[in-house]
Amino acid sequence: NIKKPSTNSVGNWIPAEDEVILKYVFHKGKSNDNMMWGNLQESLNGRSGKSCRERWFNHLDPKIKRTDWSQEEQWVLFILRNQQNEKWSLISKKLMGRTDNAVKNYWNSRLRKRIDSMQRAVDQHFERKKKQKIISILA
């Protein structure tokens, strides 16, 4: 089955829309308490308040860290992911500048694959050792 695009899709964000959001945020102040994201719907034809909020928190906020992940951040993510399961927002609060979306994407696209690969290597190693021990017992 081919998934059909949503009929309410507006498309990619353009710089003029980003500018409207930036002006709104700096006018209101950066605290989320003052934000009425739905007010932007009128200025940004077709964009919902929710999509404006997500655009700010996941892409435009200058506090967002866009550099490569450090080893320390990777360890924090690994440890917290095992403790808190999939609560990306709680994990992101411990990783300054990383959004919950960035944390989830990094885990799913990079870290989990590396961990799975290492686990398979460890499993194969111990399986070989087990077979060698059985062969030595039978010999």
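Residue numbers for the sequence shown follow the numbering used here, so the first one is 113 and each next one is one higher. Built from N, CA and C at the ideal position, the CB exists for glycine as well.
On a CA-only basis, which of the options is nearest residue i? Give me that one, please.
i	options	result
Glu166	Met230, Ala214 and Arg224	Ala214
Asp180	Gln236, Ser229 and Leu223	Leu223
Taking just the CA atoms, how far does residue j sit from residue i?
i	j	result
Glu129	His171	12 Å
Leu134	Gly141	10 Å
Ser201	Thr211	8 Å
Glu184	His237	27 Å
Ser221	Ile203	16 Å
Quick one: what's got a C-beta closer than 7 Å to residue i's C-beta in the same chain, skipping five residues either side?
i	result
Cys164	Ile133, Trp149, Leu152 and Leu156
Is the CB-CB distance between residue i and residue j below 8 Å?
i	j	result
Trp187	Val137	no
Trp219	Arg178	no
Gly209	Ile176	yes
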